[in-house]
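Quick note on numbering: the sequence shown equals residues 985 to 1193 in my numbering.
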Amino acid sequence: MTNGQAHRTVHLREAGPGDRDACYDICLRTGDSGGDASGLYADPTLVGSVYAGPYLTVGPGLGYVAVDGGGVAGYVLGTADTRAFEAACESDWWPALRARQPDPGPHPLTPDDRMRRLVHRPPTVPDAVVRAHPAHLHIDLLPHLQGTGTGRALMERILARFAAEGASGVHLGVARANERAVGFYRHLGFTVLTEDDDGLVLGQRLRRL
């Protein structure tokens, strides 16, 4: 695809373990409700370890990356089967990470500790959401690709993959403060499934292929 705004050619391809460093960097640089979180974390790998790493390493995780002249500049990562993915992470991802990252206990004080709490106590989406929307995803793009159509292209690619794998629907979480992302998802047809003071869980039904 051609990115007219940035005068760049953007290529989409399947993500793999070799994209880890780039995806971790993007995850951190968009980790403050869409803004740069680089100054918030003492350990720059923590955010990526939670929101990107498992999908690149553990089956049934999958995803796609957007590559331009500067390298990987965006990604969409997810799974067609949330419960199977959670079980695989408990077996193959979280144990090693928990051994390296101390449990901060029930009252984390720093951004690092709040992320470590997610390592030791990964949140789970209610069964009522997962039954109708078993797939889930995370998408992040560096600023120069935002608003260029790349995000839509990545979403179309992964939603088609989920449908091909038989998922009846997809869900995702987003912070209320990330108004641009909320608008993006709504424009793609996502609707609110659950919400609380901090965030929304949005979903969309998929037509099986």
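For glycine and all other residues, C-beta sits at the position ideal for the given N, C-alpha and C.
For residue 1064, no beta strand (DSSP E) run applies, since DSSP gives it neither H nor E. With respect to the 8 angstroms criterion, residue 1162 and residue 1015 are not classified as neighbours on the basis of their beta carbons. Counting only the Cα atoms, residue 1107 lies some 33 angstroms from residue 1052. Pairing residue 1047 with residue 1060 gives a Cβ-Cβ distance under 8 angstroms. Secondary-structure assignment with DSSP links residue 1159 through a beta bridge to 1183. Within 10 angstroms of the beta-carbon of residue 1176 lie fewer than 16 other beta-carbons, which makes it exposed. A check of alpha carbon separations from residue 1033 across 1078, 1062 and 1021 identifies 1078 as the nearest. For secondary structure counted as the alpha helix (DSSP H) over 4 or more consecutive residues, the region 1093–1178 holds these complete runs in sequence order: 1095–1104, 1111–1116, 1134–1148 and 1163–1171. Around the C-beta of residue 1023, fewer than 16 other C-beta atoms lie within 10 Å, and the residue is accordingly described as exposed.
With contacts defined by Cβ atoms closer than 8 angstroms, residue 1050 and residue 1143 do not form a contacting pair. Scanning 1035, 1153, 1011 and 1003 for the CA closest to the CA of residue 1116 turns up 1153. Residue 1122 places its beta carbon less than 8 angstroms from that of residue 1156.
A distance below 7 angstroms between beta-carbons, with the five flanking residues on each side excluded, links residue 1146 to the following residues of its chain, in chain order: 1064, 1119, 1154 and 1190. For residue 1008, the secondary structure class from DSSP, reduced to helix, strand or coil, is helix.
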